[in-house]
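Here the structure is laid out as structure tokens; the discussion comes afterwards.
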Amino acid sequence: MMLVEVTAPAAAALPVAMLRDHLRLGTGFDLAEDAAETAALAGFLRAAVATVEARTGKVLL
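Numbering (the working numbering), first residue to last: 565 to 625.
Laid out in structure tokens, this is it:
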């Protein structure tokens, strides 16, 4: 059985803020959240989810 992603998860469904906190990005020095950095983190999360789903053959919700 092949799993084909028809639609990508909504950007709001990805825990980008939690990843940013875990990596301790943007803390100190009054750094504002950069839109490019947020987009990159969302892309990394999507890639990680796709890798886990491909290796396990299960869908993460």
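Even glycine gets a Cβ: it sits at the ideal position worked out from N, Cα and C.
C-alpha gap between residue i and residue j, whole angstroms
i: A619; j: A599; result: Here residue 619 turns out to be Arg, not Ala, going by the sequence shown. So the two alpha carbons sit approximately 30 Å from each other.
i: E575; j: R584; result: As written in the sequence, residue 575 is Ala, which differs from the Glu given in the question. Roughly 15 Å between the two C-alpha positions.
i: P573; j: M582; result: 17 Å
Three-state secondary structure assigned by DSSP to residue i
i: G607; result: helix
i: A571; result: Residue 571 is actually Thr in this sequence, not Ala. Of the three classes helix, strand and coil, the one that applies to T571 here is coil, per DSSP.
i: V587; result: Note that residue 587 is Leu in the sequence shown, not Val. L587 falls in the helix class under three-state DSSP.
i: V580; result: helix
i: V613; result: helix
Residue nearest to residue i in terms of C-alpha spacing, selected from the options
i: A518; options: V570, T571, P579; result: For the chain, the structure presents residues 565 to 625; residue 518 sits outside this window and is missing.
Closer than 7 Å to chain C by CB, residue i
i: E617; result: In the displayed structure, chain C is absent; only one protein chain is listed.
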